[in-house]
Amino acid sequence: MADQRRTPGSQTSLREANRGRIVDAVKKHGGLTQVELAGATGLSPATVSNIVKELSESGVLSTSKSMRSGRRAQYVTLAHASGLVCGIHFSQRQLRVALADTGMTVVSEHEMPLARDHRSDNEIRRVGMLIADMLENVSADRDELLAVGIAVSAPMDAASGMIARPGILRGWEGIAIRETAERALRVPVFVDNSSNLSALAEHRLGALRGHSDAVFVEVSDGIGAGVIVGGRGYRGASGSAGEFGHMVIVENGPLCRCGNLGCLEAIAGGDAIVESLKNRYSGLKLADVIVRAMAGDDVCIRSIADAGSHIGVAAANIASMFDPGRIVVGGQLARSGELLLGPIRQVVDRSLATRLAPPPEIVAGQLGARAAVVGAIGFAADQLSAFPAAAAGPAELRAAFG
1 MADQRRTPGS
11 QTSLREANRG
21 RIVDAVKKHG
31 GLTQVELAGA
41 TGLSPATVSN
51 IVKELSESGV
61 LSTSKSMRSG
71 RRAQYVTLAH
81 ASGLVCGIHF
91 SQRQLRVALA
101 DTGMTVVSEH
111 EMPLARDHRS
121 DNEIRRVGML
131 IADMLENVSA
141 DRDELLAVGI
151 AVSAPMDAAS
161 GMIARPGILR
171 GWEGIAIRET
181 AERALRVPVF
191 VDNSSNLSAL
201 AEHRLGALRG
211 HSDAVFVEVS
221 DGIGAGVIVG
231 GRGYRGASGS
241 AGEFGHMVIV
251 ENGPLCRCGN
261 LGCLEAIAGG
271 DAIVESLKNR
281 YSGLKLADVI
291 VRAMAGDDVC
301 IRSIADAGSH
311 IGVAAANIAS
321 MFDPGRIVVG
331 GQLARSGELL
341 LGPIRQVVDR
351 SLATRLAPPP
361 EIVAGQLGAR
371 AAVVGAIGFA
381 ADQLSAFPAA
391 AAGPAELRAA
401 FG
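Per UniProt numbering, the sequence shown starts with residue 1, numbered consecutively.
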């Protein structure tokens, strides 16, 4: 009998690699013709045609007839027979939207910058139009969209569905986000803090897998955290647990956007780092600080290390309270790697040295900038699976949620 093992360089492994290239290209672009797939993957049209046929028969891909440049073409998208879920992440300066099937396989994704003072009503309307375009790109009908999960970079009050602390995301204050979004998008909407949803995503798909007690720390323009206790997200009595960035670590320290003095975010957040360097570098952004530091700029390295030391103090306090086995650091500043993680780890290890239990591992997140939007997809899918009408179909589901 012939040996069918998937050895490197074998026909079997090559074919599997080619399948992966085709699926990845469709995910990246939302949908492509077979000719476009050949160009995107570097595979021959015949190879693309054969693999698309196989993957369509197995339910991975879906094909439809399309007109491109006046010619009939075979348009290829990911199959989504069970319906789609949309994840949205509104941060201070960035919008990210992704469509996925109910198994959390992303089929289309888009991101764009936001104005610092963006307003919820304008952005929700814009997202509605963007979702319509994304659905069209993957050849999906509006009725196939089952639900939307929204990650907001601000603490949420569970009872009111509003942002719990003023000054964090000013254009969203006093807005019942879920109700507003449901009116605009006409599907069930579920909203949570972005750090909580990033923690969910990392726990399910990333660096927190297998850890039932853990913390996700998000360090970007601001700072937040999501806490996992007993394998479940911990949100506290009002839903606003994890306000890691607004722990006061320097009495009478710098003014924070939340109105308090000496918050961790006002000292170690991305905005604070950029502010501390503005007299030395004009027009600097956080991404520039990271690039300079990675290239060996001593001033930027020191700024990130100082931020890491302050974050380490707060992380040690969290570790003393919750005893997590692992602390995962994500967000934009985590791209600096050990320049940030090293100082955090040093302070945590030193602060917890007298404990009998070992200190928590400090590692970088695996999902990068996509963590919150992937978590929003998972959060919405979880709500659907917990509700019996989800099995009935989109129309019944919308009726059940009112």
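All C-beta atoms in this analysis are idealised placements derived from N, C-alpha and C, irrespective of residue type, glycine included. These numbers come from a predicted model, not from an experiment.
Range of the contiguous alpha helix (DSSP H) that encloses residue i
i           : result
residue 322 : 298-322
residue 270 : 270-277
residue 338 : 338-351
residue 419 : This structure gives no information on residue 419, because the portion of the chain shown stretches from 1 to 402.
residue 203 : 194-205
residue 54  : 45-57
residue 109 : No alpha helix (DSSP H) contains residue 109, which is instead part of the beta strand (DSSP E) from 106-113.
residue 163 : Premise fails: residue 163 is in no alpha helix (DSSP H) and is neither H nor E.
residue 177 : 177-185
Residue nearest to residue i in terms of C-alpha spacing, selected from the options
i           : options               : result
residue 48  : 36, 59 and 57         : 36
residue 33  : 17, 74 and 21         : 74
residue 298 : 267, 339, 44 and 269  : 339
residue 211 : 24, 337, 257 and 326  : 326
residue 194 : 369, 65 and 383       : 369
residue 56  : 284, 334 and 23       : 23
residue 116 : 65, 171 and 165       : 171
residue 249 : 261, 295 and 279      : 261
residue 274 : 364, 300 and 104      : 300
residue 158 : 384, 176 and 356      : 176
residue 149 : 187, 140 and 173      : 187
residue 355 : 45, 309 and 316       : 316
residue 39  : 25, 50, 51 and 52     : 25
residue 223 : 302, 15, 278 and 155  : 155
residue 190 : 336, 333 and 88       : 88
residue 254 : 51, 239, 91 and 272   : 272
residue 247 : 372, 313 and 135      : 313
residue 169 : 130, 361 and 259      : 259
residue 98  : 128, 241, 240 and 226 : 128
Which residues DSSP lists as bridging residue i, in chain order
i           : result
residue 137 : Beta-bridge pairing links residue 137 to no other residue.
residue 379 : The partner list for residue 379 (beta bridge, DSSP) is empty, contrary to what the question assumes.
residue 75  : 33 and 64
residue 26  : DSSP output for residue 26 lists no bridge partner at all.
residue 89  : 96 and 151
residue 218 : 224 and 330
residue 404 : Outside the displayed range of the chain (1 to 402) lies residue 404, so it cannot be described from this structure.
residue 84  : 101 and 145
residue 156 : 163
residue 263 : 248
residue 367 : None; residue 367 has no bridge partner.
residue 189 : 148
residue 14  : Residue 14 pairs with nothing; no bridge assigned.
residue 255 : 261
Residue i: first and last residue of the uninterrupted beta strand (DSSP E) it sits in
i           : result
residue 94  : 94-101
residue 242 : Element bounds for residue 242: n/a, residue is neither H nor E.
residue 150 : 145-152
residue 248 : Counting along the chain, residue 248 falls outside any beta strand (DSSP E), and DSSP gives it neither H nor E.
residue 173 : No beta strand (DSSP E) holds residue 173; DSSP gives it neither H nor E.
residue 364 : 361-364
Buried versus exposed call for residue i [16 or more other C-beta atoms within 10 Å across all chains shown]
i           : result
residue 113 : exposed
residue 77  : buried
residue 11  : exposed
residue 119 : exposed
residue 41  : buried
residue 133 : exposed
residue 296 : exposed
residue 358 : exposed
residue 179 : exposed
residue 13  : exposed
residue 58  : exposed
residue 153 : buried
residue 45  : exposed
residue 174 : exposed
residue 230 : exposed
Chain B within 9 angstroms of residue i, Cβ atoms only
i           : result
residue 181 : In the structure shown, chain B cannot be found, because there is only a single protein chain.
Next on the checklist: Under 8 angstroms, with one C-beta from each stretch per pair, do the stretch 281-295 and the stretch 320-328 reach the 3-pair mark?
Outcome noted: no
Next on the checklist: Within 8 angstroms, do at least three Cβ pairs link the stretch 119-128 to the stretch 173-189?
Outcome noted: yes
Checklist entry - Is the number of C-beta pairs between the stretch 223-241 and the stretch 337-348 that are closer than 8 angstroms three or more? => result no
Checklist entry - Within the chosen definition, does the stretch 216-230 reach the stretch 260-268 through at least 3 CB pairs nearer than 8 angstroms? => result yes
Checklist entry - Would you say the stretch 193-206 touches the stretch 367-383, given that touching needs at least three Cβ pairs under 8 angstroms? => result yes
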